[in-house]
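Shown next, in structure tokens, is the structure this report addresses.
There are 2 protein chains.
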Amino acid sequence: MARAGSKAFPVPEHDHAACIGDAMAMAEDLCRENGLRFTRLRRQVFELVWTSHAPLGAYDLLAMLNERGQRAAPMTIYRALDFLMAHGLVHRLNSRNAYIGCNHPGDGHAGQFLICRDCGRVAEIEERRIAEAVRDGASRAGFDVRLPVIEIEGQCFDCRGARHG
Amino acid sequence: MARAGSKAFPVPEHDHAACIGDAMAMAEDLCRENGLRFTRLRRQVFELVWTSHAPLGAYDLLAMLNERGQRAAPMTIYRALDFLMAHGLVHRLNSRNAYIGCNHPGDGHAGQFLICRDCGRVAEIEERRIAEAVRDGASRAGFDVRLPVIEIEGQCFDCRGARHG
DNA sequence: TTTGTTATGTTATAATATAGCAATAAGGGT
DNA sequence: ACCCTTATTGCTATATTATAACATAACAAA
Ligand SMILES: [Zn+2]
Ligand SMILES: [Zn+2]
Ligand SMILES: [Zn+2]
Ligand SMILES: [Zn+2]
Numbered sequence: 016m017a018r019a020g021s022k023a024f025p026v027p028e029h030d031h032a033a034c035i036g037d038a039m040a041m042a043e044d045l046c047r048e049n050g051l052r053f054t055r056l057r058r059q060v061f062e063l064v065w066t067s068h069a070p071l072g073a074y075d076l077l078a079m080l081n082e083r084g085q086r087a088a089p090m091t092i093y094r095a096l097d098f099l100m101a102h103g104l105v106h107r108l109n110s111r112n113a114y115i116g117c118n119h120p121g122d123g124h125a126g127q128f129l130i131c132r133d134c135g136r137v138a139e140i141e142e143r144r145i146a147e148a149v150r151d152g153a154s155r156a157g158f159d160v161r162l163p164v165i166e167i168e169g170q171c172f173d174c175r176g177a178r179h180g
Numbered sequence: 016m017a018r019a020g021s022k023a024f025p026v027p028e029h030d031h032a033a034c035i036g037d038a039m040a041m042a043e044d045l046c047r048e049n050g051l052r053f054t055r056l057r058r059q060v061f062e063l064v065w066t067s068h069a070p071l072g073a074y075d076l077l078a079m080l081n082e083r084g085q086r087a088a089p090m091t092i093y094r095a096l097d098f099l100m101a102h103g104l105v106h107r108l109n110s111r112n113a114y115i116g117c118n119h120p121g122d123g124h125a126g127q128f129l130i131c132r133d134c135g136r137v138a139e140i141e142e143r144r145i146a147e148a149v150r151d152g153a154s155r156a157g158f159d160v161r162l163p164v165i166e167i168e169g170q171c172f173d174c175r176g177a178r179h180g
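These protein sequence lines are chains A and B, in that order. Our numbering puts the first residue of the first sequence at 16, with every later residue one more than the last. Our numbering puts the first residue of the second sequence at 16, with every later residue one more than the last.
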């Protein structure tokens, strides 16, 4: 039962400011190295997405942004999200119509998402064996994988503990 | 390269009336055996979903239904789809907001979907190795899998052939 | 028939996402 | 500095997908 070393789901009382800081730093780096314009708006949206480890909807983000005086329209958020997604800085969770920050970006990588149905938090993992199994299984049907979307609903370690020790 | 024996994606010129007939028969059986009411409306919607091997949107189905004189409202379709989904007769593809028929029903089974980005067709597979890899990978993060959603975008055998021999 | 339950009809509205065009800001060469 | 080009943002309207709430109808058991 891994856990101590696993960073997939951070413990509830962790230093979340550090999560945000790290993500921000990585995003800055990635944009600088690739000549991307990490504008004020994009920065703000990225920061908002990182408000929590649970995914946020586009209109949630919009409301949060507007509470900061920015009075933006939906398009504004969607465009910022498009940029961030295009460069792997955030991911969209199709099963929730919601967006989650990524802390190991890189254009167009497709990880696997663990979604806790109790606390709503999401962890992104990158298990080679899952990707391989998907590729092999698909190829047995003559199918060539381009973009696997894997969103796994279940229960995280902390929520399991909370229920039946 | 498997293909001959694979039924995941039927060949384009197959007898699709037989697909519909088989699916219908299985649905009838499942409902009879479980005391479910496979009403006229639900039957119609199920048949419409099976119109093609590409997934159809709720409003597409609604339009098709209304072309048959039924003048129904959105709720009507969504309720029929809810029933069909609850009993594994159709699946919702989150990445497309669309619905696809299932021909091996059973309450709440969760397969893996191959979605061709060229022809739009979808094949449902059930690869034990994928499910196992997901369960193992998740448990390494202390996560207990309840409902894996796996939607794999790529290119099917027929579309690959059509492009470069 | 009465009664409780499930299914459908109907109207309105919520939630999510995109189209289209004008205004502005950033970068690059002269 | 200037002009030019492109990328970004602002803004209004609209499309698409899904649900809420309540009334009526069909069904089945008592
Ligand atoms: Zn954190
Ligand atoms: Zn949890
Ligand atoms: Zn067919
Ligand atoms: Zn295809």
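The C-beta atom is built at its ideal place from N, Cα and C for all residues, glycine as well.
Cβ proximity to chain A below 8 Å picks out Asp151, Gly152, Ala153, Ser154, Arg155, Ala156, Gly157, Phe158, Asp159, Val160, Arg161, Leu162, Pro163, Val164, Ile165, Glu166, Ile167, Glu168, Gly169, Gln170, Cys171, Phe172 from the region 151 to 174 of chain B.
Excluding five sequence positions before and after cysteine 117 (chain B), the CB atoms of its chain that fall closer than 7 Å to its own CB belong to Gly103, Leu104, Val105, His106, Glu139, given in chain order. At a cut-off of 8 Å between beta-carbon atoms, serine 110 (chain B) makes contact with chain A.
Excluding the 5 residues flanking it on each side, alanine 95 (chain B) has same chain C-beta neighbours closer than 6 Å at Leu56, Arg57, Val60, in chain order. Against isoleucine 115 (chain B), chain A offers no close residue; the least beta-carbon distance is about 15 Å (beta-carbon pairs closer than 9 Å). Residue side-chain check: glutamine 85 (chain A) keeps its Cβ at 7 Å or more from all non-hydrogen atoms of ligand 4. Interface flag for valine 149 (chain A) against chain B is set, since a Cβ pair is found closer than 8 Å. Taking a C-beta cut-off of 8 Å against chain A, the contacting residues of the region 122 to 148 of chain B are Gln127, Leu129, Cys131, Arg132, Ala138, Ile140, Glu142, Arg144, Ile145, Glu147, Ala148, listed in chain order.
Looking at the DSSP output, histidine 106 (chain A) sits in a beta bridge with A:Ile115.
Three or more Cβ pairs closer than 8 Å define a contact, and the region 135 to 153 of chain A meets that threshold against the region 151 to 171 of chain B. For aspartate 133 (chain A), the secondary structure class from DSSP, reduced to helix, strand or coil, is coil.
Of all C-beta pairs linking the region 79 to 93 of chain B to the region 36 to 47 of chain B, fewer than three are shorter than 8 Å, placing the two stretches out of contact. Look at phenylalanine 61 (chain A): its C-beta is not under 8 Å from any C-beta on chain B. Taking 8 Å as the cut-off, the Cβ atoms of glutamine 170 (chain B) and glycine 152 (chain A) do not count as close.
Ranked by how close their Cα comes to the Cα of cysteine 174 (chain A), the residues A:His68, A:Arg150, A:Asp75, A:Cys131 have A:Cys131 in first place. Only those residues of the region 83 to 95 of chain A whose C-beta falls short of 7 Å from the nearest C-beta of chain B would be listed, and there are none.
Only residues of its own chain outside the window of five on either side were considered, and among them Ile130, Arg132 have a CB closer than 6 Å to the CB of glutamate 168 (chain A), listed in chain order. Excluding sequence positions up to five before and after glutamate 142 (chain A), its CB lies within less than 7 Å of the CB of Gln127, all in the same chain and listed in chain order. With the criterion set as a beta carbon lying under 9 Å from some beta carbon of chain B, the region 53 to 82 of chain A has no members that meet it.
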